[in-house]
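2 protein chains.
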Amino acid sequence: MAFVDRLECSRCGDSLQADRLANTCPKCESPLLVRYDLHEIKRNLKKTDLLDRPSDMWRYLEVLPVLSEQEIVSLGEGFTALLPLHRLGQDSGFSRLYLKDEALNPTGSFKARGLSAAVSMARKLGAEQLCIPTAGNAGGALAAYAARAGVAAHVFMPRDTPQANYFETLVAGAQVVQVDGLISDAARLMQEQMRQNQWFDCSTLKEPYRIEGKKTMGLELAEQFGWTLPDVIVYPTGGGTGLIGMWKAFQELDGLGWIDSQRPRMVSVQASGCAPIVKAFHEGADTSQFWEGAATFSSGLRVPKALGDFLILSALRESQGTAVAVSDEETYQAILEVGAREGIFLCPEGATCWAAVKKLRKEGWLSPDQSIVLFNTGAGHKYLDSIRQFEETRGGKARAGLEA
Amino acid sequence: MAFVDRLECSRCGDSLQADRLANTCPKCESPLLVRYDLHEIKRNLKKTDLLDRPSDMWRYLEVLPVLSEQEIVSLGEGFTALLPLHRLGQDSGFSRLYLKDEALNPTGSFKARGLSAAVSMARKLGAEQLCIPTAGNAGGALAAYAARAGVAAHVFMPRDTPQANYFETLVAGAQVVQVDGLISDAARLMQEQMRQNQWFDCSTLKEPYRIEGKKTMGLELAEQFGWTLPDVIVYPTGGGTGLIGMWKAFQELDGLGWIDSQRPRMVSVQASGCAPIVKAFHEGADTSQFWEGAATFSSGLRVPKALGDFLILSALRESQGTAVAVSDEETYQAILEVGAREGIFLCPEGATCWAAVKKLRKEGWLSPDQSIVLFNTGAGHKYLDSIRQFEETRGGKARAGLEA
Chain A
10 MAFVDRLECS RCGDSLQADR LANTCPKCES PLLVRYDLHE IKRNLKKTDL LDRPSDMWRY
70 LEVLPVLSEQ EIVSLGEGFT ALLPLHRLGQ DSGFSRLYLK DEALNPTGSF KARGLSAAVS
130 MARKLGAEQL CIPTAGNAGG ALAAYAARAG VAAHVFMPRD TPQANYFETL VAGAQVVQVD
190 GLISDAARLM QEQMRQNQWF DCSTLKEPYR IEGKKTMGLE LAEQFGWTLP DVIVYPTGGG
250 TGLIGMWKAF QELDGLGWID SQRPRMVSVQ ASGCAPIVKA FHEGADTSQF WEGAATFSSG
310 LRVPKALGDF LILSALRESQ GTAVAVSDEE TYQAILEVGA REGIFLCPEG ATCWAAVKKL
370 RKEGWLSPDQ SIVLFNTGAG HKYLDSIRQF EETRGGKARA GLEA
Chain B
10 MAFVDRLECS RCGDSLQADR LANTCPKCES PLLVRYDLHE IKRNLKKTDL LDRPSDMWRY
70 LEVLPVLSEQ EIVSLGEGFT ALLPLHRLGQ DSGFSRLYLK DEALNPTGSF KARGLSAAVS
130 MARKLGAEQL CIPTAGNAGG ALAAYAARAG VAAHVFMPRD TPQANYFETL VAGAQVVQVD
190 GLISDAARLM QEQMRQNQWF DCSTLKEPYR IEGKKTMGLE LAEQFGWTLP DVIVYPTGGG
250 TGLIGMWKAF QELDGLGWID SQRPRMVSVQ ASGCAPIVKA FHEGADTSQF WEGAATFSSG
310 LRVPKALGDF LILSALRESQ GTAVAVSDEE TYQAILEVGA REGIFLCPEG ATCWAAVKKL
370 RKEGWLSPDQ SIVLFNTGAG HKYLDSIRQF EETRGGKARA GLEA
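Written out as C-alpha cells, the structure is:
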C-alpha cells in the first residue's frame, strides 16, 4: 500500500509532503490534491484483485490515502447501488437512465465517503479535535466518523438545517452550534473558535482527503459500467467536491490504463435560489461570485460560494458539460414523480437532477440513446421538515395527504 | 435457476405447488415455507461463483424464489455491512461484538429485503393490487417496491406510526389508510377492504416470499464470517420473520454443505411494553398470547401477536437461545450510548439489542469471548418524532439539546 506521492496545490502546483496534517496550500490558500505513484500502483494492482475485496469504497485501497486497513475509520460507506430507471426512462424516452443511490450510505448520505477518508487521515496524523461548518449532512457524517474514531467533533450548522442533521449530530455526541444564517456564516463563527482551540478544519476542500473519499463514486461508476464510463453524469452541486473528485478519479483510472480517454459530459445542477456555479458557467467566468440571499429547500445546495468553484467550472468545460438551475417547485415535483414511478424517495438535492434532465431533454442537449447517471446524494426521509415547510409556503396541495 | 421444489406448511406439513399466488396453508392457515431442491443446487452452485455476483441479496439467486434476473424488483437491497464494534466491545468486555447494519438498505430498513422478494413474486404470479398492515417500515417498503414494479399498493398503518413511514409511503404513490389503534387493528380494517377489492395480502408470513428475502440476512452473515456462524445473534422481534428466515437459511446452508451443524444461540428482544414472545418463552409455551395494550416507542415492536410465534419460539429453544424484554428508557439510553461510542444512529428497535446484551452480560448468559451479532433493523433518522415524543413524556434531559 502507501502509494501516495505528495500533496499538490490545485492552483499554483506547489508540492507538499503528505506525512503531516495539512489544510490548504501554504502559498496561495487553494485546495490541495493527493497525487499517487500511478506507475507503481499499475504494477501492484489488477482489476481482478477487486473480486474478493469488501463491498465498500475501501476496496480501492491502493488509490486511497491510508496505509493499512487498521487506519480506516469505516461505517460501511460506498459501493452503493447503480439502479436502472426503466419506468422513468420509458416515460421520457431514455433507454439508459441510471441512478447512483447514495442514500444507501451510513448516515444516509454521500457525505459519509468524504468524512470516512478525512477522519481516518486526521486521526492517523494526530488530530484530536475536528471541526466543520455544514449545510447539513456533512456535519452528521463528521460527528458519526469522529465518534467511531474516538476523536471530538465540533459542528456549526444553520439553525434551519433539517432536524435529522441536528439530531444525528447530537446522537453521535458532537458539540453542535446552531447559527443564524448560512453555511458561510457558520464557517465564520467556527473559524474564530477553531483558532482559539486549535481544532483541525474539516471544511470541504480545506483538507485534502474528503475529496479522496468522494472520488470513489467515480471509481465505482467505472467498475459498475464494466470499466467504461457513462455518456453523461448529472450531479447536484453545493461545494462540488463529488464532481471534482469523480473528475480526478477518471484521470487516475486513465493513468492506470483501466479506462480509455472518453469522459462523461459533467452536468452541475443547482437550485435557482442559489446558483453561483450556473451563473459563472454561463457567463464564461473561471470562478463564481458569492451568491447573496441564498434560499432553497434543497439545504445541501445552499452554498453561496464554493472554494473549489474554479475546479468545478474547469471540469464542466473540459468535459463539454453544462450547468442547470431548477426551481424548488420543479424539485418538489421531481420528488413525487421519481417516488411514484420508481419507488425511490429522493432527497431534494438528488431530485434536482431529474428536474434538470427533463429540461436538458426539452432543450435537445440530451439525446434518448445516451447513458445518463443521476446522483441521489441522500435519503429523502432526512428532509421531512424541509419538505413539509416547502409545502406550507407553497400553499397548494400537490397530492392529497402529502402535506399532513 | 428455478430450484424451488414446493411450498410446505410450517405446521401441518402439507405441500402446495409454487406456480401460483398463495397466502397461508389452505388446510390450517399457517405460514407456508418455500422448499428447494438443495441437492440440485449443490450440483450447480459453488461458493466461488459468488465472487463476481452483485453486492446485494440477489447474489444468492439459486436459493431464492425467482426464476431469472428479469423477474427481480430491486432497489439495491441487502449485502449490508457487518461492522465490528471495537469501542463498545472494549467498554463492556466483549472482544467480538458486531452490528449488522440494516439501515444501509433501500427505504432505510431491513423490510426492503422481504418486500423486494414478495413484490417480485407477486408481480410474476399476476397480482396487480397489493395490501399490507404495518407497524411502519414494512408499509414504506411495500409502497416503494410496488411503485418500482408498477403495481398498486394499499397500506394500513397506525396513526401514530413515525412520520417518515407515512411520508415515504405517500411519496411512493401508495394509498395510505391511517388507523386509530395498533397493527392488529390496521390488519382487521384492511381485511374487509381486501376481500371486497381482491387485493393480494402481503402481511408478514401470510405470503411465502417475504421470509425468503429476510433469510438473506442469514446467508450474508455466513458469507461475511467466512462460512461459519457467530456464537450469538441478538434480534429485535416484532413479527419475527427475520429470525425465522435466518434459522431457515442456516438449515439450507447446512443442506448445501456450506456450513457445519453449529448454530448460533438466537436471542429475541422485545420492548417491555409489548413482549408476547418473551412471556411465552419464559412460561414454556409453544405459542404466544395477544398482548393487550401494547405500548413502546420502538414502533416496529408493537406487534401484539405474531402469526409465526410458534416458529420463533421453536428456533429460540432449538438454538438454546433466550428472550429478553427491555424498557423504553433502556432503549433510549442505548441509542445515545451506541451513537456516542460508535457513531451509529440506531433505530429504537435496533437499540433494544444493545440494551439486551448489557442485561445478558450482567446475568452471565453472555461471555466476553463469544462472537455476538446485534441487528440494527433501520435508520435512526426515520424515528425523530418518536424519539422526541419519548423525550417529552419522559420529562428529563438525557443530554443537553437532544430534546430540541
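As given, the protein sequences belong to chains A and B, one line each in that order.
So for the first sequence, this note's numbering puts the first residue at 10; every next one is plus one.
So for the second sequence, this note's numbering puts the first residue at 10; every next one is plus one.
For glycine and all other residues, C-beta sits at the position ideal for the given N, C-alpha and C.
Closest residue to B/P40 among B/L345, B/Y218, B/V382 (Cα-Cα distance)
Of the residues B/L345, B/Y218, B/V382, the one whose Cα lies closest to the Cα of B/P40 is B/Y218.
Is the beta carbon of A/G317 closer than 8 Å to that of A/G248?
yes
Is A/G182 close to chain B, meaning its C-beta is less than 8 Å from at least one C-beta of that chain?
yes
Output yes if chain B places a C-beta closer than 8 Å to the C-beta of A/Q379; else output no.
no
Selection from B/M166, B/V43, B/I381, B/K55 that minimises the alpha carbon distance to B/Y244:
Of B/M166, B/V43, B/I381, B/K55, the smallest CA-CA separation from B/Y244 is found for B/I381.
Since A/L16 and A/V43 are thought to touch, with beta carbons under 8 Å apart, how far apart are those beta carbons, to the nearest angstrom?
Indeed they touch by this definition, with Cβ atoms about 6 Å apart.
Residues that B/C283 bridges to, as DSSP identifies them:
B/A280
Since B/G85 meets chain A, which of its residues come closer than 9 Å, beta carbon to beta carbon?
T89, A90, L91, L92, D110, L113
Spell out the partners DSSP gives B/F165 in its beta bridges.
B/P142, B/V186
Check the C-beta distance from B/Y175 over to A/G352 and give it rounded, since I have them as a contact under 8 Å.
The pair is not a contact, with the Cβ atoms about 16 Å apart (cut-off 8 Å).
At least one CB of chain B closer than 8 Å to the CB of A/F165: is that the case?
no
In terms of residues, what are the limits of the alpha helix (DSSP H) holding A/A173?
Per DSSP, the continuous alpha helix (DSSP H) segment holding A/A173 begins and ends at 172 to 180.
Whose C-beta lies closer than 7 Å to the C-beta of B/A11 among residues of the same chain, with five residues either side of it excluded?
L76
Taking 8 Å as the CB-CB limit, is B/S101 close to chain A?
no
B/N114 by DSSP, collapsed to three states: which one?
coil
A/S336 lies in the alpha helix (DSSP H); which residues open and close that run?
It is not in any alpha helix (DSSP H) - A/S336 carries neither H nor E in the DSSP assignment.
List in chain order: all unbroken alpha helix (DSSP H) runs of 4+ residues lying wholly within the segment 363 to 404 of chain B.
393 to 403
Here's the rule I'm using: 16 or more other beta-carbon atoms within 10 Å means buried, otherwise exposed. How should A/A413 be labelled?
Confidence at A/A413 is low in this model, with a pLDDT of 41, below 50, so its placement is unreliable and no value can be given for it.
Quick one, which of B/L383, B/E339, B/V366, B/A365 has its alpha-carbon nearest B/F399's?
B/E339
Report the neighbours of B/S64 on chain A: residues whose CB is nearer than 7 Å to its CB, in chain order.
S64, F88
Can you list the beta strand (DSSP E) stretches of 3 or more residues lying completely in the segment 80 to 135 of chain A, in chain order?
91 to 93, 105 to 110
In the DSSP assignment, what residue or residues form a beta bridge with A/T331?
A/T331 has A/V276 as its beta-bridge partners, per DSSP.
Please classify B/R272 as buried or exposed, where buried requires at least 16 neighbouring CB atoms within 10 angstroms.
buried
Contacting residues, own chain, Cβ-Cβ under 7 Å from A/R370 (five flanking each side not counted):
S101
Taking the alpha-carbon positions, what's the B/L320 to B/A332 distance?
14 Å
For a minimum of 3 consecutive residues, which ranges assigned as the beta strand (DSSP E) are wholly contained in the segment 13 to 63 of chain B?
As far as the segment 13 to 63 of chain B is concerned, its whole beta strand (DSSP E) runs of at least 3 residues are 13 to 18, 41 to 45.
Do we get a CB-CB distance below 8 Å when we pair B/G264 with the residues of chain A?
At a cut-off of 8 Å, the C-beta of B/G264 has no neighbouring C-beta in chain A.
Per-residue DSSP class, three states only, for A/L191
coil
Can you find a CB in chain B that lies within less than 8 Å of the CB of A/I344?
yes
DSSP-derived helix/strand/coil call for A/D263
helix
To which residues of the same chain is A/S7 closer than 7 Å at the C-beta, ignoring the five residues directly before and after it?
Because residue 7 of chain A is not part of the residues shown, which for chain A are 10 to 413, the question remains open.
Starting from the Cα of A/L238, find the closest Cα among A/S328, A/F209, A/A289, A/T296 and give me that residue.
By alpha-carbon distance to A/L238, the top candidate from A/S328, A/F209, A/A289, A/T296 is A/S328.
Among A/Q233, A/A131, A/H95, A/G190, which has the Cα closest to the Cα of A/K56?
A/Q233
Residue-chain proximity (B/R204, chain A), Cβ-Cβ < 8 Å:
no
Can you have a look at A/R62 and say buried or exposed, based on whether 16 or more other CB atoms are within 10 angstroms of its CB?
exposed
Around the C-beta of B/N1, are 16 or more other C-beta atoms found within 10 angstroms, so that it is buried, or is it exposed?
Here chain B comprises residues numbered 10 to 413, so residue 1 of chain B is not present and cannot be evaluated.
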